[in-house]
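Those sequence lines, one after another, are chains G and H. Add 197 to the 1-based position in the first sequence for this note's numbering, that's all there is to it. Add 197 to the 1-based position in the second sequence for this note's numbering, that's all there is to it. Ideal Cβ positions, reconstructed from N, Cα and C, are used throughout, including at glycine. Quick caveat: nothing in here was measured; it's all calculated off a predicted structure. Notes follow once the structure below has been shown.
2 protein chains.
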Amino acid sequence: MQALVIDDGIYFDGGYAKPEIKPGEALIKTTLAGICATDLGLLQGYASFSGVPGHEFVGIVVEADNKKIIGQRVVGEINCPCNSCAVCHRGDYNHCPNREALGIRHKNGVFAQYFTLPQANLHIVPSSISDKQAVFTEPLAAALEIIEQIHIAPKDPVLVLGDGRLGILIAQVLALTGCDLVVVGRHPSKWGLLLNKSIKVCLAEDLEEGYSAKVVVDCSGSSQGFNQARKLVRARGSLVLKSTFNSDSLVDLSSLVVDEISVIGSRCGPFGAALRLLASGLVEVEDMICGEFPLEKGVEAMKKAKEKGVLKVLLRP
Amino acid sequence: MQALVIDDGIYFDGGYAKPEIKPGEALIKTTLAGICATDLGLLQGYASFSGVPGHEFVGIVVEADNKKIIGQRVVGEINCPCNSCAVCHRGDYNHCPNREALGIRHKNGVFAQYFTLPQANLHIVPSSISDKQAVFTEPLAAALEIIEQIHIAPKDPVLVLGDGRLGILIAQVLALTGCDLVVVGRHPSKWGLLLNKSIKVCLAEDLEEGYSAKVVVDCSGSSQGFNQARKLVRARGSLVLKSTFNSDSLVDLSSLVVDEISVIGSRCGPFGAALRLLASGLVEVEDMICGEFPLEKGVEAMKKAKEKGVLKVLLRP
Numbered sequence: 198m199q200a201l202v203i204d205d206g207i208y209f210d211g212g213y214a215k216p217e218i219k220p221g222e223a224l225i226k227t228t229l230a231g232i233c234a235t236d237l238g239l240l241q242g243y244a245s246f247s248g249v250p251g252h253e254f255v256g257i258v259v260e261a262d263n264k265k266i267i268g269q270r271v272v273g274e275i276n277c278p279c280n281s282c283a284v285c286h287r288g289d290y291n292h293c294p295n296r297e298a299l300g301i302r303h304k305n306g307v308f309a310q311y312f313t314l315p316q317a318n319l320h321i322v323p324s325s326i327s328d329k330q331a332v333f334t335e336p337l338a339a340a341l342e343i344i345e346q347i348h349i350a351p352k353d354p355v356l357v358l359g360d361g362r363l364g365i366l367i368a369q370v371l372a373l374t375g376c377d378l379v380v381v382g383r384h385p386s387k388w389g390l391l392l393n394k395s396i397k398v399c400l401a402e403d404l405e406e407g408y409s410a411k412v413v414v415d416c417s418g419s420s421q422g423f424n425q426a427r428k429l430v431r432a433r434g435s436l437v438l439k440s441t442f443n444s445d446s447l448v449d450l451s452s453l454v455v456d457e458i459s460v461i462g463s464r465c466g467p468f469g470a471a472l473r474l475l476a477s478g479l480v481e482v483e484d485m486i487c488g489e490f491p492l493e494k495g496v497e498a499m500k501k502a503k504e505k506g507v508l509k510v511l512l513r514p
Numbered sequence: 198m199q200a201l202v203i204d205d206g207i208y209f210d211g212g213y214a215k216p217e218i219k220p221g222e223a224l225i226k227t228t229l230a231g232i233c234a235t236d237l238g239l240l241q242g243y244a245s246f247s248g249v250p251g252h253e254f255v256g257i258v259v260e261a262d263n264k265k266i267i268g269q270r271v272v273g274e275i276n277c278p279c280n281s282c283a284v285c286h287r288g289d290y291n292h293c294p295n296r297e298a299l300g301i302r303h304k305n306g307v308f309a310q311y312f313t314l315p316q317a318n319l320h321i322v323p324s325s326i327s328d329k330q331a332v333f334t335e336p337l338a339a340a341l342e343i344i345e346q347i348h349i350a351p352k353d354p355v356l357v358l359g360d361g362r363l364g365i366l367i368a369q370v371l372a373l374t375g376c377d378l379v380v381v382g383r384h385p386s387k388w389g390l391l392l393n394k395s396i397k398v399c400l401a402e403d404l405e406e407g408y409s410a411k412v413v414v415d416c417s418g419s420s421q422g423f424n425q426a427r428k429l430v431r432a433r434g435s436l437v438l439k440s441t442f443n444s445d446s447l448v449d450l451s452s453l454v455v456d457e458i459s460v461i462g463s464r465c466g467p468f469g470a471a472l473r474l475l476a477s478g479l480v481e482v483e484d485m486i487c488g489e490f491p492l493e494k495g496v497e498a499m500k501k502a503k504e505k506g507v508l509k510v511l512l513r514p
């Protein structure tokens with residue numbers, strides 16, 4: 198089958214072995230896949246991954262024990278837990294220390310014609326949601342994880358640092374709380390969707406002097422983002438971290454104590470809620486698509502996804 | 198009056214000017230004062246403080262507008278807010294950016310015969326509480342701040358890293374929740390009070406292989422404590438920071454994201470609750486006292502407080 202492969206760089210392989218399903222898994226034919234910052238990070242060495250990357254998808258089940266799901270259009274959660282350790286037994290499947298993660302950790306991903314996932318990870322996509330919407334389910338779920346973890350109230354001043362793919366999804370989700378939201382970005386060319394939704398967005402230098410937020414979400418994707426976000430969060434506030442990168446950061450821990458800041462790491466989120474918000478149209482995603490490439494042009498697609506001002510780039514195997 | 202003074206080192210001054218009260222303040226005669234890690238930190242340059250240090254006290258009001266409190270035995274909150282900024286207006290007085298902090302920031306402290314505090318900061322000490330108990334009100338309140346900030350439930354595995362003054366108070370407070378608590382320390386000579394209360398305590402190397410806690414409180418007082426505490430907190434767990442020190446730390450922020458850890462800075466806490474726990478005897482403090490010095494021997498007292506195995510050292514002006 199066709200696949201993109203990371204192995205000291207990234208290349209297209211027209212004859213990659215088609216995966217075989219393990220007990221409990223389904224074989225899925227990829228309809229559409231999305232490129233995200235983590236995929237670009239893998240190329241920089243994040244998570245020391247080699248194999249087929251990709252974890253944002255919508256596809257069709259072609260093989261599974263559960264015959265009812267064959268032929269169904271699905272999206273899927275990316276963490277594959279062992280189901281037998283203490284962490285799984287307490288229900289924290291996404292944090293199983295033995296987990297595989299689709300296209301990130303010990304498991305080939307979706308930048309290929311076929312891939313496998315446990316049937317338990319799959320969510321059937323309602324017919325009212327298009328493929329181009331459904332492929333955003335995974336990052337939208339990650340955005341929703343923030344409001345799974347902390348309560349954001351309508352009166353709260355909230356700042357999202359970063360106007361990239363994830364920042365725009367997070368801003369749309371947080372705006373649903375009615376909070377006093379501002380997005381701080383660097384690329385006005387990306388701001389159309391936010392402005393259309395009446396979400397405030399500006400450059401950092403255009404924030405009011407002395408502005409601080411009760412909640413700051415750092416999805417800047419850079420190791421410098423933390424210290425910028427820290428300066429923008431007020432005493433007793435929360436700083437939510439959504440970015441992963443490949444280096445340690447120098448942090449003034451004493452200032453977190455003195456100002457009683459909560460720093461909250463946030464990763465994967467609820468797929469069911471993401472599908473509901475896509476079906477209702479409360480979160481809009483199709484305007485974020487900046488290009489669609491066939492798999493054999495996948496290397497070019499990855500380059501495109503890295504360009505300034507580019508939001509979501511899709512692959513169609 | 199007599200006072201200890203920090204000014205490029207620390208010295209005893211037998212003729213320091215007696216403070217005068219500003220509007221709304223009370224003049225207090227120090228009965229007993231306690232030396233804490235922050236006082237020792239000030240000597241290392243923390244907060245760039247010069248003047249009279251000290252913020253743990255019990256004393257007698259000798260002068261105040263409110264005649265009813267004159268002669269009363271009091272303890273007092275250490276933060277003196279401006280009462281007029283936006284932070285004060287939202288009720289976060291302890292975080293007022295213009296605040297003075299008793300013996301820490303722009304305001305002389307209690308290692309003197311007399312000092313001043315706003316009347317609004319004072320709490321009258323019930324007669325059932327001894328002076329030697331009351332002098333622990335401030336650090337006990339700081340320990341209680343943890344359960345003001347996060348919910349610790351009876352089934353939670355909880356670890357306190359540090360067997361110093363604050364660690365022992367925190368352990369006593371957290372044990373009241375019924376949680377599955379262990380204190381990790383380095384000085385078995387300090388463990389008597391904990392063991393008497395049936396609180397588990399051990400060396401780090403004696404923890405069960407692979408142990409992790411839902412909540413880890415770092416009160417180790419060192420910049421290395423963070424990374425040790427980080428390794429002991431489980432995915433989706435909370436790492437509470439209680440220590441301040443004078444340097445930045447290298448932190449793997451991405452691992453906080455992947456494991457969805459919450460890092461929670463924690464500082465000053467509720468005095469009313471601290472007085473209730475002292476009055477009820479649920480928290481025991483007098484056994485922590487390792488020495489009492491007159492003010493003229495204050496420099497010696499500070500040295501004593503720094504010694505390994507020493508818990509609370511008191512000054513009696």
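Same chain only: Cβ atoms within 7 Å of residue i, ignoring 5 sequence neighbours per side
i	result
L373 (chain G)	L479
D360 (chain H)	V380, G382, R383, H384, K387, W388 and V398
R427 (chain H)	L436
C282 (chain H)	C293, P294 and N295
K304 (chain H)	C277, E297 and A298
Cβ neighbour criterion (16 or more within 10 Å) applied to residue i
i	result
L436 (chain G)	buried
A410 (chain H)	buried
A214 (chain G)	exposed
Y290 (chain G)	buried
Q421 (chain G)	exposed
P220 (chain G)	exposed
S395 (chain G)	exposed
H292 (chain G)	buried
H252 (chain G)	buried
D415 (chain G)	buried
I321 (chain H)	exposed
Cut-off 6 Å between Cβ atoms - residues of its own chain near residue i, not counting five sequence neighbours on either side
i	result
L229 (chain H)	V255, D328, V332, L511 and R513
D236 (chain G)	P250
G211 (chain G)	Q199
D377 (chain H)	P354
Top-ranked residue by Cα proximity to residue i, from the options
i	options	result
F312 (chain H)	H:I218, H:H303 and H:G364	H:I218
A317 (chain H)	H:D289, H:I347, H:V357 and H:N276	H:N276
R464 (chain G)	G:I344, G:K494, G:E493 and G:G422	G:I344
L404 (chain G)	G:V430, G:L390, G:H320 and G:N393	G:V430
C279 (chain H)	H:P351, H:N295, H:R287 and H:D289	H:N295
F490 (chain G)	G:S446, G:K500 and G:S444	G:K500
S446 (chain H)	H:K428, H:F423 and H:C376	H:F423
L201 (chain H)	H:G248, H:A223 and H:G231	H:G248
V413 (chain G)	G:V357, G:V496 and G:Q269	G:V357
E335 (chain G)	G:C416, G:S281 and G:G231	G:G231
S245 (chain H)	H:Q269, H:E274, H:A298 and H:P323	H:A298
Y408 (chain H)	G:V271, G:E274 and G:V284	G:V284
Q425 (chain H)	H:V448, H:A498 and H:E504	H:V448
I326 (chain H)	H:V271, H:L371 and H:V460	H:V271
H348 (chain H)	H:P315, H:A471 and H:G375	H:G375
E493 (chain G)	G:Q310, G:G306, G:G206 and G:R302	G:Q310
K505 (chain G)	G:E402, G:G434, G:A234 and G:A471	G:A234
DSSP beta-bridge partners of residue i
i	result
P315 (chain G)	G:E222
C399 (chain G)	G:V381
Y208 (chain H)	H:V202
C277 (chain G)	G:E297
H286 (chain H)	Answer is none; H286 (chain H) lacks a bridge partner.
L447 (chain G)	H:L447
A410 (chain H)	H:V430
S245 (chain G)	Its beta-bridge partners do not exist; DSSP assigns none.
A230 (chain H)	H:F254 and H:L512
Sequence-distant residues of its chain with Cβ nearer than 8 Å to residue i (five each side left out)
i	result
E260 (chain H)	I218, A223, L224 and I267
V507 (chain G)	C487, G488 and K501
S156 (chain G)	Not covered by the structure: residue 156 (chain G). The range shown for chain G is 198 to 514.
I257 (chain H)	I225, K226, T228, G268, Q269, R270 and V271
Taking contact to mean at least 3 C-beta pairs separated by less than 8 Å, is the stretch 229–244 of chain G in contact with the stretch 257–269 of chain G? Counting C-beta pairs with one atom in each stretch, the stretch 229–244 of chain G and the stretch 257–269 of chain G have fewer than three that are closer than 8 Å, which means they do not touch.
Does the stretch 428–443 of chain G come close enough to the stretch 335–350 of chain G to have 3 or more Cβ pairs within less than 8 Å? yes
Would you call the stretch 480–488 of chain G in contact with the stretch 362–378 of chain G, where contact means no fewer than 3 C-beta pairs closer than 8 Å? yes
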